[in-house]
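Reviewing the structure listed below.
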Amino acid sequence: MHLIEYQPDGHTVIIHQKKDSRRGVVNNQLNSWSFQLDRVLHDVSQEEVYNSVARNVVLAALDGYNGTVMCFGQTGAGKTYTMTGATESYKERGIIPVPSRRYCPPLDSDMKEESFG
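Residue numbers for the sequence shown follow my numbering, beginning at 1 and rising by one.
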């Protein structure tokens, strides 16, 4: 048995705790918990994370609405990776770089610098 089970419905996570006989036995002691969530993104690509979590927020922002995408979690859980992605791989880019590449036109490399002074 695994300590964490991701159910195929994409919305349920079950956490199992092994009973520890050294701590004693407590009546009605829980040894597993089931959590129902909006969505479970387990072992998915950065693109799937973006499309599932941020795409609609970004599109609404382009239409003038306010929006926030926030990562919350334990140290080392992957929040920074989710938001910024891997710098060495375009395919592994995170939530922040995706809309800037998709919706902002690239600057022409032949453009001359203009003075704003």
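For every residue, glycine included, the Cβ atom is placed at its ideal position computed from N, Cα and C.
Problem - Candidates Cys104, Met83 and Pro8, of which the one nearest Glu47 by Cα - result: Met83
Handout entry: Contacting residues, own chain, Cβ-Cβ under 7 Å from Gly76 (five flanking each side not counted)
Key = none
Handout entry: Between the CA atoms of Thr12 and Phe35 - distance to the nearest angstrom
Key = 6 Å
Exercise for the section: Closer than 6 Å by C-beta to Val57: which residues in its own chain qualify, once you throw out the five before and the five after it? Chain order, please. Expected result: Gly67 and Val69
Exercise for the section: To the nearest angstrom, report how far apart Ser32 and Gly73 are at their CA atoms. Expected result: 21 Å
Handout entry: Buried or exposed (CB count within 10 angstroms, at least 16 for buried), Val44
Key = exposed
Handout entry: Between the CA atoms of Tyr65 and Tyr50 - distance to the nearest angstrom
Key = 18 Å
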